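J.:
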Amino acid sequence: MEKAQYLRLLYQMLLIRRFEEKCAEMYAKTNIRGFLHLYIGEEAVAVGVTQALAGDDYVLATYREHGHALARGMDAGAIMAEMYGKQEGCSRGRGGSMHLFDGQKLCGGNAIVAGHLSMAVGMALAAKKQQQNRIACCFFGEGAAAEGEFHEAMNLAALWQVPVLFVCENNYYAMGTALRFSHAVQELEKKGPAYGIETAVADGMDVLAVERAAREAVEKVRAAGKPYFLVCNTYRFRAHSMFDAELYRDKSEVEEWKKRDPIPRLSDFLLTKKVITEQDIEDLENRVAAEVQKAVDFAEGGTWEPVEQLTKFVYSSD
Amino acid sequence: MGDKTGILITYREALKQALREALLSDERVFLLGEDVGRYGGAFAVSKGLLQEFGPERIMDVPLSESGFTGAGIGAALAGMRPIVEVMTVNFSLLAMDQIVNNAATLLHMSGGQLNVPVVIRMGCGIGRQLAAQHSHSWEPLYAHIPGLIVLSVGTHEDARGMLLSALKSPDPVVIFEYTYMLNLEKEIPADAGAVDITRAKVRREGRDISIITYGAGVYKALDAAAELAAAGIEAEVLDLRVLRPLDEASVIASVAKTHRALVVEEAWRSGGIAAEISARIMEKAFYELDAPVQRLCGVEVPIPYPKHLEDASVPQIADIVNAVKKMIKP
Ligand SMILES: Cc1ncc(C[n+]2csc(CCOP(=O)(O)OP(=O)(O)O)c2C)c(N)n1
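The following block contains the structure:
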């Protein structure tokens, strides 16, 4: 891999991290309201997987999707403005943190757990019917994999043989419910073969491993027009949302996982291999800080949609 | 006799005390729902109950609304008294097949053989800037279903008492709790407990107009009535409480007294509870009316995220005051 590519991975992960740290700060200042689900700790998954996708592939994510939005190249300012509820936001302020949208770059921001999986199957079906080379990629947690919706979507995708990549972001907790309390079979990768879907597991704390696995998966999905199931084992460093006392896990467990933080993991690797220097990292941090500040400025300068427009977008004719 | 001195209590604490009392008083009762145990309840209503009652009676379940609601119905059929907690009404659509096609129909389909004594609680409503998929008011959807008893917890007294009465019901009860009110403190009698779940209740007496409402509308209507009183208008506030089967008699009695009715609800206007109340008044009390029945309902839009648009989506106190003034002094 080229130095520039490594730096891009590091840049994207850092941008997500610093952007979300700023979001938490803005939440405390009540500039952001509602639910705010941070992706901090899981950045390697979105960043790794999106490297393998084409610009016109469909991407669907959950309510924990700031990272996916940034990794897909959405404008940080439009995302921040959305979280402020300003009409300059990527969903005109109507959706907030859980509902970021930008055409096929990101088809949400979906907040009903597992509800987007069958939509991804349908998008892949449409691509197949129209003989396009596109695929659909959907991200979801291991909690979602307990829903009937997950099993229905997997079965349909395999039955119809459509090009969809299912990416399970296994962070071991669904709110406060640990994997062992939500799945009788905890090896999530066993669920793919049960539907005849090729499956792989990646270390979701290692962006290089995720990218490698994703490239292989996406190539197969695109070439064969079949579904693929990729399990990325990862960890959320922060609370589930801003209303979570974290009674269900030990601080020490969180600290253990923090040792595997995907960002220093990549930067340390690159420093040791002398691919990059401390100066490179400092430059990246500065670039990221500037971009985050620009996003905040954009959001703060944004405007409120007039109340008279409340019922806009209920129907296409509005 | 009971202790009538008032205690100050949050809506959350009232719900929790009811849960505790239910678990203590009947061994067949158990709570099952997402994150009710280790997490402490999505809204901290069941916090501490796992430690007190253990995992057999406070059951965390996987994300699987249809599955665990169906299991609750099955357990009820087979002799238990489960309390199913669907975290919020927003996710209840995944469980709705079980509620509508099984819980609500089994008694009738089986020719009276199988009654379903299950209680299904769900958080409900708007007001926390959670946007379209997390702000639903779907009481009317459930109130549409024969076979269900549908309760709306509009006050702290009912938060403390409705669950206990629901557990005595031989038939399925769906209870709506309003997440927006969880931290709100009000006074209830120290000995508050089970309440009647067949009747609406006049929360404030008045002679000039009936404000008929439920759920999140109750305290808003009471605040509006207080403001109206300062302007010389005596509004009666009728809390419907039971959305199915409707206590029509209480509605008619109130209208017969005040001769004017404003129905207030946060749910969408078309096909809502207010539409039903209005129709019943037309059918049964038309000649009592001095003015046409009016409705103040949720605006028919998926709820937007920003505060100013969210506020504009449901009736506020000022809207109620204005609507009443218009009806009284046209
Ligand atoms: C159908 C449905 N049920 C419940 C919820 C409430 N809820 C939101 S996120 C969540 C946990 C989901 O866990 P997981 O799928 O593992 O994803 P993670 O949040 O860990 O990324 C729950 C229970 C919901 N949004 N939708």
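Protein chains in written order, with this note's numbering: chain W, 1 to 318; chain V, 319 to 648.
Positions of the beta carbon are idealized from the N, C-alpha and C atoms, including for glycine.
As the structure is a prediction and not an experimental result, all values here were calculated from the model.
#1: Given that a residue counts as buried once 16 or more other Cβ atoms are within 10 Å of its Cβ, and exposed if not, what is A213 (chain W)?
#2: Taking M74 (chain W) as the reference, which of W:V292, W:S317, W:L36 has the closest Cα?
#3: Could you pull out every residue in the same chain whose Cβ sits closer than 8 angstroms to the Cβ of L556 (chain V), ignoring the five residues on either side in sequence?
#4: Quick one: what does DSSP say R562 (chain V) is sitting in, helix, strand or coil?
#5: Apart from the five residues just before and just after Q309 (chain W), which ones in its own chain have a Cβ nearer than 6 angstroms to its Cβ?
#6: Could you name the residues of the region 406-428 of chain V whose beta carbon sits closer than 9 angstroms to any beta carbon of chain W, in the order they occur along the chain?
#7: Taking G67 (chain W) as the reference, give the member of W:K3, W:L9, W:A299, W:K273 with the closest Cα.
#8: Are there 16 or more other CB atoms within 10 angstroms of the CB of D476 (chain V), so buried, or fewer, so exposed?
#9: Give every residue of the same chain whose Cβ lies closer than 6 angstroms to the Cβ of E88 (chain W), excluding the five residues on either side of it in the sequence, and list them in chain order.
#10: Could you give the DSSP three-state label for L381 (chain V): helix, strand or coil?
#11: For F139 (chain W), name the three-state secondary structure that DSSP assigns.
#12: Can you list, in chain order, the residues of the region 180-196 of chain W whose Cβ is nearer than 8 angstroms to any Cβ on chain V?
#13: So M242 (chain W) contacts chain V; which residues on that side make the cut at Cβ distance below 8 angstroms?
#14: Who are the Cβ neighbours of K365 (chain V) in its own chain at under 7 angstroms, not counting the five residues just before and after it?
#15: Whose Cβ in chain V lies nearer than 9 angstroms to the Cβ of I112 (chain W)?
#16: Measure from the alpha carbon of C232 (chain W) to the alpha carbon of each residue in W:E169, W:L159, W:K190, W:L7, then state which is nearest.
#17: With a CB to CB cut of under 8 angstroms and the five nearest residues on each side skipped, what residues in its chain are close to M319 (chain V)?
#18: Would you say the beta carbon of V379 (chain V) comes nearer than 6 angstroms to a heavy atom of ligand 1?
#19: Are there 16 or more other CB atoms within 10 angstroms of the CB of Q5 (chain W), so buried, or fewer, so exposed?
#20: Which parts of the region 381-421 of chain V are runs of the beta strand (DSSP E), unbroken and 3 residues or longer, counting only runs that do not cross its ends?
#21: Check G479 (chain V) in the structure and name its three-state DSSP category.
#22: In chain W, which residues lie less than 8 angstroms from S382 (chain V) when you measure between Cβ atoms?
#23: Relative to the C-alpha of M154 (chain W), which candidate in W:K190, W:D102, W:Q132, W:E2 has its C-alpha closest?
#24: Measure the C-alpha to C-alpha separation of W160 (chain W) and R33 (chain W) and round it to an integer number of angstroms.
#25: Helix, strand or coil: how does DSSP classify W586 (chain V) here?
#26: Take I463 (chain V) and list the residues in its own chain whose beta-carbon comes closer than 6 angstroms to its own, dropping the five residues that flank it on each side.
#27: Return the first residue and the last residue of the alpha helix (DSSP H) that K3 (chain W) is part of.
#28: I want to check one thing, is the minimum distance from the CB of R64 (chain W) to the heavy atoms of ligand 1 below 6 angstroms?
#29: Is there a C-beta anywhere in chain V that falls below 7 angstroms from the one on A174 (chain W)?
#30: Please state the DSSP three-state secondary structure of M319 (chain V).
#31: Could you please give me the residues that DSSP links to T62 (chain W) through a beta bridge?
#32: What is the DSSP secondary structure of V121 (chain W), reduced to helix, strand or coil?
#33: Can you give me the start and stop residues for the alpha helix (DSSP H) that P458 (chain V) sits inside?
#34: Taking contact to mean 3 or more Cβ pairs, one atom from each stretch, closer than 8 angstroms, check whether the region 208-225 of chain W and the region 47-58 of chain W are in contact.
#35: So the candidates are V:L425, V:G511, V:R338; which of them puts its Cα closest to the Cα of V436 (chain V)?
#36: For M123 (chain W) and K538 (chain V), what's the separation of their Cα atoms in angstroms?
T.: Reading it off the structure:
#1: buried
#2: Considering only alpha carbons, the answer is W:V292.
#3: A518, K519, V520, R521, S528, I529, I530, T531, S568, V569, S572
#4: The answer is strand: DSSP assigns R562 (chain V) an E or B state.
#5: none
#6: Within the region 406-428 of chain V, the residues whose Cβ lies closer than 9 angstroms to some Cβ of chain W are N408, F409, L411, L412, listed in chain order.
#7: Looking at W:K3, W:L9, W:A299, W:K273, the one whose alpha-carbon comes closest to that of G67 (chain W) is W:L9.
#8: D476 (chain V) is buried by the Cβ-count criterion.
#9: A81, G302
#10: coil
#11: strand
#12: F181, S182, H183
#13: Correct list: empty, because the minimum Cβ distance to chain V is about 11 angstroms.
#14: G358, G359
#15: N408, F409, L411, L412, Q451, H452
#16: W:E169
#17: Low confidence applies to M319 (chain V): its pLDDT is 48, below 50, so where it sits in the model is not reliable enough to give any reading.
#18: Flag unset: Cβ of V379 (chain V) not near ligand 1.
#19: exposed
#20: 399-406
#21: helix
#22: A146, E147, G148
#23: Out of W:K190, W:D102, W:Q132, W:E2, the CA that lies nearest to the CA of M154 (chain W) is found in W:K190.
#24: 41 angstroms
#25: strand
#26: Counting only Cβ-Cβ distances below 6 angstroms, and skipping sequence neighbours, we find V418, A422.
#27: 3-28
#28: yes
#29: yes
#30: Below a pLDDT of 50, predicted positions are generally treated as unreliable, and M319 (chain V), at 48, falls in that range; no measurement from the model is reported.
#31: Residue pairing by DSSP places T62 (chain W) opposite W:N110 in a beta bridge.
#32: helix
#33: 457-461
#34: yes
#35: V:L425
#36: Rounded to whole angstroms, M123 (chain W) and K538 (chain V) show a C-alpha spacing of 44 angstroms.
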